[in-house]
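Quick notes on the structure that follows.
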Amino acid sequence: MEERDSARNWWNANAKWFAFGWIMLATVLFYGGGLSNNGNAARVFYWGLVPFQLMDLVDPPLQSSLPHGLAYLPERIWFTLLAGFLVAGSAGWGWLAMLVSTRFFTGSRSSSEEPPTTLEQVGTELFFAVSIGLAITSTATLLVGLAGGLSSTLVAAWLLPGCVLAFVGLKSGKWTLGRSLGQSIREAWEFRDGWTLAAWAGVVLFLWTFWLGGLSPTTDFDVKEYHLGGPKEYFLTGRIEFLPHNVYTSFPFLTEMLSLASMALVGDWLTGSYVATATLSVFGPLTALGLWSLCQRWYPPAANWAALIWITIPWTYRLSTIAYVEEAFSCYLLAAFFAALRATSLGSVDDKLGASQPITSRWSLPLDGTSGWWWLAGLSAGAAFGCKYPALLFVVAPIGLFSLSGVFKGNSGNTEAVRWMQRLVPPLVFSLGVLIFAGPWLAKNVWQTGNPVYPLLYSIFGGVDWNDQLNDKWWRGHAPPHYSPIAFFTDVFDILVRSDWQSGLILLGLPLAWLVPSDDEDPDTWSKGARGMLRMTLLYLGWFYIAWWLLTHRIDRFWAPMLPLLTILSSVGLARLFKDLGRSWQYGLLVLVTASVVFNFSINTVFVGNYNAWLTQLKATSDFTARKTCPEIAAINLAIDEGVLPKNIRVLMVGEAEIFDARFDVRYNTVFDLSLIEEWCTHPDGTWRDETEIRRKFADEGITHIFVNWREILRYRTSYGYTDFVNPGLFEKLRKMKLIGGPIPWPEGLGELKADNLSTADRKLIQSWGPELLQKFGQEERLITAELFPVLPGE
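Quick note, my numbering runs 6 ahead of the 1-based positions in the sequence shown.
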C-alpha cells in the first residue's frame, strides 16, 4: 500500500512535466509535417495567409472576374431564411415526437411547477429536437415522394405547424441559451477578458465561413453524381422511384431527402440546392451543441472546449459545406451515444432532473435511467443508418450491444420472469427506435429491388439490375486494400497527424485526461460519472477504428464520424490541464490553442478546406463551378442558351455521371451500373444488334446526342475498371452504321489536352486500348478527352 501511495505521489508530482512533454511532441509532429492531399505543402506556411484571408471573406480574388460583393448578400439571406424555415419546422416535429415519447415511457405525470432547468438540459433538449426533427422531415419526404406527392404546397404545409410547435415548445429554451451567451459576452467585456472575447470572435468568423460555404455551389464529384444528382432526378420526375442507372440512389438517403424537400419547397432544383446545402450545414453547429451539452453534464469545464474544438476542426467545415452525409452521420452517432449514456443513469455533476422529479406538460426529455433514453438512442442510431449503410457497424451494433449490457445483471425484488422482462426492455426499445428511421429505407429497397440493403449482400438477397460481375466489381472497389499489421498502427498516425483536415487540438489534448493528476480535482466535478463517460468514449472509439480498418475501404470520410468521440477526449484533457495550471502557464496554453485555431481558419478559407463562393453572385458561381468540374456539360448548356443546340435535346452520357449541372435531359449510368450503350447496342450474349434495332432503341429513348467523356473512362480503367465494349472503335462502328454523325466541334480549349503531360502508364494504356484518342495537330500531339456525337435520323 505504501509503495502504491509513493508511486502515486511521484506521478502526481511529475505528471505535469509529462503533459508538457506531450504538448511539445504533439506540436512538432503536427505542424512540422505537410498536407498529404495537397502537394505536401508545409503546414507552417498557412499561418502567414490569415491577414489576406480575412480580407477575402468579402472580396474573394479567385472569382474577381465574376460579379461579387455585398450586393449579393440579400439572395443568400433569402435562401438562409428558407433553410431556417425547414430546420425550425423540423425541430417542432422533433420536439413533439420527444414529448409524446417521454409521456409514453414515463407516464403522464405532470406538475404545475416548472422543473429547475439547467443550461445543459436546455441544450440537450434543443439538440435532440432538431436532430430527431430533421430525421422525421426526411422520412416524411421519402414516404410522400414514393407516393408521388412532392410539391411546394405540401412541404410548406408540413413545416408551418412544425414552426408553431417549435415556438411553443422550444422558445423558452432558446431564450435561455441566448441570454446565457449574451451574459457571457457582456461579462467578458466588462471584465476585459480578452481571451473570452477572442474566442467568441473566432467562433463568429468560423460560423461566417460555414454559412457562406454552405450556400456555395459544389465542386465535388460524388455530390454532383448522387448526393444532389439523385434528389434532382426525383424532383424532375415528381416522385421517388428506382433509378437502375445510379446504384448509389438505392442507399439510405436521409440527408438527400432534406435536399429533395428543399428543391420541392423552392420549386426549382438549382436554387433548391442552395437551400439544401445551407440546411445540411446546420449539422456542424448542431453537433457542437450536442458535444457542449454532453460535456456540460459529465465534466462542465470541458463543455466550452468541446464546442470550440469541434467548430474549428477543418473536417467540420469541409463536411458542413459539402453535401456529404458524414456531418449528419457524426451528429446522429453522437446523439445515439449521448442518449445511451443517459439511459444507463451514469452519474452527473448536477443531476437536478432525477428519477423522482415530476415532469411538466412541456418538458420533452425522458428521465435518466428510463427506456425513453433508449428510445432516443434507437431513433438516433436509425437516423445514422438512414445516412449510410456503415452506420450498422459504427452505430447500431455498438449501441445495441451497450443496450444488452444489463441483460445478465442481477435484479432483485421480482420474479425471475419479471426480471428478465425488465432486462430485455432496453434492447427491445432500442431496436424499435432503430426501425422507425431505418425501416422505411429497408422496405423501400425490398419493394424496388427485392434486397433490403441493395446492392450489398447480393449473394444472399439478390437484386434487380445487378449481377455477379457488377457485384465483384463493387466489392473490389470497396474492400480493404490490405491487412498489414503495421498499417493498423500507422493509420492511427495518419488520422491524427497527416490528415489535411485534422485539427492539431485533437492530437494535443487526446491523452491529457489521463496524464493530469486527479487528487486535487473537485470531486463534484471529476465525478465517477465523468470517468465512466471517458471510459465508454474510449471503448467506443476503439470499436469504431477497428470496424473502419477491418471492414471498409478506409477512405478518410469513413473515419470522420469518429471525430465527436475524439473531441470529447481532447476537450476533457485540455480542460483538466488548464484547470491544473497556474495563471502564467494557462496563458501559454491559450497562446498555443489560439495559434492552432488560427491555423485551422487558414485551412478553411483556402482551397484546401473546400470551395467557397463567399459573396459571389450565385448564378455566376454555379456556372463557374460547372465549368470547373465538367466544362463540356457547361459548354452544352451554353450552346442551348445561345440557340446552337435545340432546347429539347436528350443526351446519352457515356463515362459521365457527374450530371447535376446539366440543364438538358440526360440518360447515364455510373461506373458500377450496367452500361446503357452496351445494353442498347448488344444482345445479352454480347453479340451486336442490327442497325434497325439500335436505331429504334435510340428513338424509343428519345436520344438526340451521345456525349463521351474519355477523360473519365481513362480514370475508371485505372481504378474501378470499365467495360471493354466502350472504346473509340465503338463510335467509329456506329458512324459506319450511319447511326451517329461526326463529333460536334467544341469551343476552343475543350475536349482535348496536350499529350506531353501523360504519364508513361497512361500513354501505354491509351496506345493499347484507344490509340485513336492520340491525334496530331500540326507538330503537337493531343489527347481527345471528350466528344459529342449527333444521333442521325433514319432514312
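C-beta: ideal position from N, C-alpha, C; glycine also.
**Message:** Taking 7 Å as the limit between beta carbons, can you name the residues of its chain near Trp549, skipping five residues before and five after?
**Reply:** Correct list, in chain order: Pro404.
**Message:** Using only the alpha-carbon positions, how far apart do Gly38 and Lys177 sit?
**Reply:** Inter-residue distance for Gly38 and Lys177 is about 47 Å (C-alpha atoms, whole angstroms).
**Message:** Output needed for Ser602: all residues of its chain with C-beta closer than 6 Å, excluding positions within five of it in sequence on either side, in chain order.
**Reply:** The residues are Gly510, Leu511.
**Asked** What residue ranges within the stretch 420–488 form continuous alpha helix (DSSP H) runs of no fewer than 4 residues, ordered along the chain?
**Response** Qualifying alpha helix (DSSP H) stretches, in chain order: 422–455, 464–467, 474–484.
**Item:** Same chain, Cβ closer than 7 Å to Gly129, five either side skipped, listed in chain order
**Value:** Closer than 7 Å at Cβ, skipping near neighbours: Leu183, Leu295, Trp298, Ser299, Gln302.
**Request:** Return the CA-CA distance between Arg881 and Leu575, expressed in angstroms with no decimal places.
**Result:** The structure shown has nothing for residue 881, since the chain only spans 7 to 801.
**Asked** Using DSSP with H/G/I as helix, E/B as strand and the rest coil, what is Glu247?
**Response** It is coil, neither helix nor strand.
**Request:** Using 10 angstroms around the beta-carbon of Met539, count the other beta-carbons present and answer buried if the total reaches 16, otherwise exposed.
**Result:** Classification of Met539: buried, given that the 10 Å Cβ count is 16 or more.
**Request:** Between the Cα of Trp304 and those of Gln127, Leu382, Ile328, Leu658, spot the shortest distance and give me the residue it belongs to.
**Result:** From the listed residues Gln127, Leu382, Ile328, Leu658, the smallest Cα separation to Trp304 is found for Gln127.
**Request:** Measure how close the beta-carbons of Thr327 and Asn618 come, nearest whole angstrom, since I'm counting them as under 8 Å.
**Result:** Yes, they are in contact, since the Cβ atoms of Thr327 and Asn618 sit about 7 Å apart, within 8 Å.
**Asked** Can you tell which of Glu333, Leu680, Met568, Leu385 has its C-alpha closest to the C-alpha of Gln475?
**Response** When C-alpha distances from Gln475 are compared across Glu333, Leu680, Met568, Leu385, the shortest belongs to Leu680.
**Prompt:** Would Met450 be called buried (16 or more neighbouring beta carbons within 10 Å of its own) or exposed?
**Reply:** Note that residue 450 is Lys in the sequence shown here, rather than Met. Classification of Lys450: buried, given that the 10 Å Cβ count is 16 or more.
**Message:** Quick check on Phe197: buried or exposed, where buried means 16 or more other Cβ atoms within 10 Å of its Cβ?
**Reply:** Taking all protein chains shown into account, Phe197 has fewer than 16 neighbouring C-beta atoms within 10 Å of its C-beta and is therefore exposed.
**Prompt:** Where does Met743 sit, in a helix, a strand or coil, going by DSSP?
**Reply:** Residue state for Met743 is assigned as coil, using DSSP reduced to three classes.
**Asked** Taking Arg656 as the reference, which of Phe467, Asp706, Glu684 has the closest Cα?
**Response** Distance check between Arg656 and each of Phe467, Asp706, Glu684 places Asp706 closest, using alpha-carbon atoms only.
**Prompt:** With 16 as the cutoff for other CB atoms within 10 Å, does Asp730 come out buried or exposed?
**Reply:** Exposed, because fewer than 16 other Cβ atoms sit within 10 Å of the Cβ of Asp730.
**Message:** If I follow the unbroken beta strand (DSSP E) through Leu780, where does it start and stop?
**Reply:** In the DSSP assignment, Leu780 falls within the unbroken beta strand (DSSP E) covering 780–783.
**Request:** Could you check which residue in Ile609, Ile492, Thr791, Tyr78 has the C-alpha nearest to that of Ala47?
**Result:** Of all alpha-carbon atoms in Ile609, Ile492, Thr791, Tyr78, the one lying nearest the alpha-carbon of Ala47 is that of Ile609.
**Item:** DSSP state of Val522 mapped onto helix, strand, coil
**Value:** For Val522, the secondary structure class from DSSP, reduced to helix, strand or coil, is coil.
**Request:** Just grab the DSSP bridge partners of Gly40 for me.
**Result:** According to DSSP, which records beta bridges pairwise, Gly40 is partnered with Ala48.
**Asked** Roughly how many angstroms lie between the CA atoms of Trp316 and Leu87, to the nearest whole one?
**Response** Approximately 25 Å, taken between the alpha carbons.
**Item:** First and last residue of the uninterrupted beta strand (DSSP E) at Glu786
**Value:** Start and end: 786–790.
**Asked** The alpha helix (DSSP H) with Glu758 in it runs from where to where?
**Response** From DSSP, Glu758 is part of no alpha helix (DSSP H) but of the beta strand (DSSP E) over 758–760.
**CA-to-CA distance, Phe564 to Phe494, given in whole angstroms** = For Phe494 and Phe564, the distance between alpha carbons rounds to 15 Å.
**Message:** If I follow the unbroken beta strand (DSSP E) through Arg673, where does it start and stop?
**Reply:** Run containing Arg673: 671–673, per the beta strand (DSSP E) assignment.
**Asked** Taking DSSP as the reference, what is the three-state secondary structure of Asn618?
**Response** The DSSP-derived three-state label of Asn618 is coil.
**Residues near Gly445 in its chain [Cβ-Cβ closer than 8 Å; skip 5 each side]** = Same-chain partners within the cutoff: Gly388.
**Message:** With DSSP as the reference, identify every bridge partner of Pro796, one or two as the case may be.
**Reply:** Note: Pro796 sits in a beta bridge opposite His711.
**Request:** Look up Ala361 in the DSSP assignment and say whether it is helix, strand or coil.
**Result:** Here Ala361 scores only 35 on pLDDT, less than 50, and its place in the model is too uncertain to base an answer on.
**Asked** Going along the chain, which residues of its own chain have a beta-carbon closer than 7 Å to the beta-carbon of Ser806, five neighbours each way excluded?
**Response** The displayed coordinates of the chain run from 7 to 801. Any statement about residue 806 would go beyond what the structure contains.
**Message:** What does the alpha-carbon distance come out to for the pair Arg429 and Ser409?
**Reply:** Straight through space, the alpha carbons of Ser409 and Arg429 are spaced by roughly 9 Å.
**Item:** Pairwise C-alpha distance: Ala309 and Ala163
**Value:** Their backbone Cα atoms lie some 38 Å apart in a straight line.
**Prompt:** Under 8 Å between the Cβ atoms of Pro567 and Gly392?
**Reply:** Against a cut-off of 8 Å, the Cβ pair of Gly392 and Pro567 comes out as no contact.
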